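Taken in order, these protein sequences are the chains called A and B. For the first sequence, our numbering gives the first residue as 28, with consecutive numbering after it. For the second sequence, our numbering gives the first residue as 699, with consecutive numbering after it. We put the CB at the ideal spot given by N, CA and C, even for glycine. From a predicted model like this one, the values you see are computed outputs, not experimental measurements. Here is the structure we will look at.
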Amino acid sequence: MLQHLKPTDAAIKELALAETDPAQQARFTPLRWGFAGNLILIVLAAGAGFVHALLAALWRRVFSPPRDGTG
Amino acid sequence: MAPDDVIVIGSGPTGAMAAAELVARGVRVTLVDYGDDDPAMRARVPDQPFSRFHREDPAQRGYLLGDQLEGVPRSGVRVGAQLTPPRQFASRAAERLLPVHSENFHPMQSLALGGLGAAWGTACFTYTAEECRRIGLDTAALAAHYPRVIAEAGISGPGEDPNGGLWWDGAPGAQPPLEIDTNSASLLAAYQRKASDWMKRGFALGRIPLAVNSRPHAGRGANPYFDTDFYGDVRRSAYRPRYTVERLQREANFRYAPGCLVLGFREDQQGVEVTCLRGGERTAFRARRVILCAGALNSARLALASLALEDRVTTLLSSAYVYYPTLNLRMLGRPTADRRHSMAQLTALYGTLNQPERTCSLQLYSYRSLLLFKLTKEMPLAPWAGLLMSRAMVDALAIFGVFFPDESGPTKTLRLGASTTSAVPDLHIDYARPAPQQALQAGLEAGLRHCFWRLGCAPLGRVDPGQAGSIHYAGTIPQANPVNPRFHTLADGRLGGCERVYVGDSSSWNWLPCKGPTFTAMAGARLVAGHVAASLGDRR
């Protein structure tokens, strides 16, 4: 189940390309907002990111064509 | 050409050390090797701090991800996933030329110059007398060779192991330890405040000896703390066996024969003939003695293919390996120093510390230069959220790699098959750890998770790269073989049934400790090389 919520290969490739682009480094710098700041950020990102990934996975399941060619 | 005194097969850590010992004793040596390499890719990595070229270098994608994006993993974590593009040559040729078939065991093999040592994590351990006894090594004889390995490789580490020689016996010649990073320093300080309490719980933590220079040594530079060690090492601070091979090539009694895929050997009254495939044609080398240093799997492959055996089957050893990404809560949201090396920062042992079969070892890594997208990839979150979390956690990540000991048995077999896709015969491996061994591992892991919390590290998950993931293999031609007793090694390293063929790598071990085998295997190779030289009549 959780495996289906992980980013797709295409999304990871896009991130990898961005992370090795000097012009986009600001997207990847470590965040240092103190213990409480980072903890709150992690909790919020985990919650919202999980719901987003769940909805995206459901969307893909409902609206993406079957991969076996029968559709 | 007159036959050489000794042929050493393989240029990995043991092959390089065996050759170095023989050459130092005046023996004429030919090192037969496939010798794959990728100097062009290696040369692309700048001699600069990771943070600087990551911020500035427009060409970084080529060496961080690879020109074909081969550094972007497409599926889950697998064996060898830690190899960055400049180090992928370590297993490249072997995947094609050394076929292995298995449902449950997918080893990393190497035909590289320097063998698996080209990708070695450089952690060094000495073994206790009890561990040596289980392996079948002579503790005192082995210890005499530690300083010679240290002189060749350059080892930095604690002068004395504060935990009573559990992982390092203070062998002379070691350089001062490398600096540890902010993250690990905070963990070590927390541990040291209650060290005796931790020891009572069976958990010992401390600095790890590494085959990395902390000061210039043997023509190689000191580690510059650029955090580029997973990619390039312009100053050659981390030991790679190819440095020894390069040095030996300046000696008159050493010959390097690259491009050779060794197929087998044949012993006769005059010596030993080694057959290879070189440039698409069969060629042969002759010598009075041969030392197999092709790695545990391939030394066994060669011996099984060359000896007259009824059963071409044997056993094998491999440390179980898992890793735990944890969040060092002390470091959350705090800045860290940019200056650091990428290798293991600390090591630990956990379990019943005076019973090595009931102990596991840990290596602690921080995380940065392996790039955030690889963290994001493993999170069941939308990519934007995974990246945000990765940025918030990266300074505080403490990755514990955990290794477990292994013992041989009938459920761990390696069988020689017919050649199918390569000139060398295929290997068929069936590897399963029996239930008591799995239960022991599960118990140790449960205790470890408790230790992580007590240390202030919140476990974020458990990653199992699969069997063979440790890349620690041994015991395929042990002194006592429970699967095929005729296929064995004698105490002096001689291959059973042979007069002139020796085993110089960890193939001859009866047991595999949880602590990394490379340093001890290198000393063991020098020990076997000494026996070989003695059998020839020592010349120096």
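- Non-local beta-carbon contacts of B/Pro1108 in its own chain, meaning distances under 7 Å to residues more than five positions away in sequence, involve Pro1180, Val1181 in chain order.
- Taking a beta-carbon distance threshold of 9 Å, B/Val1161 does not count as an interface residue toward chain A.
- Interface with chain B (9 Å Cβ-Cβ cutoff): A/Leu68 is included.
- Annotated three-state conformation of B/Lys898 is helix, per DSSP.
- Burial is judged here by how many other beta carbons sit within 10 angstroms of a residue's own beta carbon; B/Leu762 has at least 16 and is buried.
- B/Cys974 and B/Thr712 have their C-alpha atoms some 20 Å from each other.
- In chain B, no part has a C-beta under 8 Å from the C-beta of A/Phe90; the shortest such distance is about 17 Å.
- For the stretch 58-83 of chain A, the residues whose beta carbon sits under 7 Å from a beta carbon of chain B are, in order, Leu58, Arg59, Trp60, Gly61, Phe62, Gly64, Asn65, Leu66, Leu68, Ile69, Ala72, Ala73, Ala75, Gly76, Phe77, His79, Ala80, Ala83.
- In this structure, DSSP gives A/Thr56 a state outside helix and strand, which the three-state scheme calls coil.
- Using a CB distance cut-off of 9 Å, A/Leu29 counts as an interface residue toward chain B.
- In this structure B/Pro939 touches B/Gly710 by the C-beta definition: roughly 6 Å separates them, less than 8 Å.
- Between B/Thr1045 and B/Gln1061, the beta carbon gap of about 6 Å places them in contact (Cβ cut-off 8 Å).
- For B/Gly812, no chain A residue has a Cβ inside 9 Å of its Cβ, as the nearest lies near 27 Å away.
- Below the 7 Å Cβ cutoff, chain A contributes no neighbours of B/Ala950, its closest Cβ being approximately 47 Å away.
- For B/Ser854, the beta-bridge partners assigned by DSSP are B/Gln873, B/Leu908.
- The beta-carbon separation of B/Ile989 and B/Val1230, rounded to 6 Å, stays under the 8 Å limit for a contact.
- Beta-bridge partners assigned by DSSP to B/Glu1105: B/Trp1209.
- Taking one beta carbon from each stretch, the stretch 1132-1146 of chain B and the stretch 975-995 of chain B have fewer than 3 pairs nearer than 8 Å; the two do not touch.
- Close to A/Ala38, with beta-carbon spacing below 7 Å, are these residues of chain B in chain order: Pro1081.
- Residues of the stretch 751-764 of chain B whose Cβ lies closer than 8 Å to any Cβ of chain A, in chain order: His752, Arg753, Glu754, Asp755, Pro756, Gln758, Arg759, Leu762, Leu763.
- Of all residues in the stretch 736-751 of chain B, none comes within less than 7 Å of chain A when Cβ atoms are compared.
- B/Tyr1021 sits away from B/Val1092, with the two beta carbons spaced by 9 Å or more.
- Taking C-alpha positions only, B/Pro1103 is separated from B/Pro1211 by approximately 4 Å.
- For B/Lys892, the secondary structure class from DSSP, reduced to helix, strand or coil, is coil.
- Under the 8 Å Cβ criterion, the stretch 808-815 of chain B does not count as touching the stretch 846-857 of chain B, having fewer than three qualifying pairs.
- With three or more CB-CB distances shorter than 8 Å, the stretch 999-1006 of chain B counts as touching the stretch 950-964 of chain B.
- Against chain B, the beta carbon of A/Leu42 has neighbours under 7 Å at Phe1071, Thr1074, Pro1081, Leu1085, listed in chain order.
- Of the candidates B/Gly1141, B/Leu1112, B/Leu1142, the residue whose Cα lies closest to the Cα of B/Asp1128 is B/Leu1112.
- A/Gly74 counts as exposed, since fewer than 16 other beta carbons sit within 10 angstroms of its beta carbon.
- Chain-order list of chain A residues neighbouring B/Pro1033: Arg59, by C-beta distance under 7 Å.
- Bounds of the alpha helix (DSSP H) holding B/Arg740 are 737-741.
- Of all residues in the stretch 1030-1058 of chain B, only Leu1030, Gly1031, Arg1032, Pro1033, Thr1034 come within less than 9 Å of chain A when Cβ atoms are compared, listed by chain position.
- At a cut-off of 9 Å between beta-carbon atoms, B/Leu885 makes no contact with chain A.
- Along the stretch 1136-1148 of chain B, none of the residues has a CB nearer than 9 Å to a CB of chain A.
- Annotation for B/Ala985: no alpha helix (DSSP H) segment contains it, though the beta strand (DSSP E) segment containing it runs 979-990.
- Taking the CA atoms as reference points, A/Pro49 sits about 19 Å from B/Pro783.
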